[in-house]
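If you want the working numbering, it's the position in the sequence shown, counting the first as 1, plus 5. Note that beta-carbon positions come from the ideal geometry of N, C-alpha and C, so glycine has one too.
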Amino acid sequence: MKAIKTLVAVAATALLASCSCTNPVTATSNTVGNKCGQSTATTFLSVLCFNGDCSIDTAAKKGGIKKISHVDQKVFNVLGLFQTTTTIVYGE
Numbered sequence: 006m007k008a009i010k011t012l013v014a015v016a017a018t019a020l021l022a023s024c025s026c027t028n029p030v031t032a033t034s035n036t037v038g039n040k041c042g043q044s045t046a047t048t049f050l051s052v053l054c055f056n057g058d059c060s061i062d063t064a065a066k067k068g069g070i071k072k073i074s075h076v077d078q079k080v081f082n083v084l085g086l087f088q089t090t091t092t093i094v095y096g097e
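Written out as structure tokens, the structure reads:
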């Protein structure tokens, strides 16, 4: 029972210590279009990338964007152990 309580406490601390934020990356003089594309990569211990490609080029291709207006990046991190980075490209 004590081990279960400890596990729950550790899980709760990890959730409270997680961080999610969206940051601007770049902007151009192109008009804001109605298209949006996203690309995501997942890393472990900030070193091992085991899934994805979060490049601007990949996000633009996924959204069918030829003229980029601006780019944002969303990062979700849990205690520096696990991180997902999503690049979001807007344009036409």
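- Cβ atoms of residue 88 and residue 51 come within 8 Å of each other, at about 6 Å.
- In this chain, the beta strand (DSSP E) harbouring residue 77 covers 73-83.
- For residue 53, the beta-bridge partners assigned by DSSP are 49.
- Under the DSSP assignment, residue 61 falls in the alpha helix (DSSP H) whose first and last residues are 61-68.
- When DSSP reads this structure, residue 25 sits in a beta bridge with 81.
- The Cβ atoms of residue 46 and residue 59 lie closer than 8 Å to each other.
- Residue 93 is bridged by DSSP to 43 and 77.
- Under the three-state reduction of DSSP, residue 37 is assigned to coil, being neither helix nor strand.
- Approximately 3 Å separates the beta-carbon atoms of residue 38 and residue 97; this is inside 8 Å, confirming the contact.
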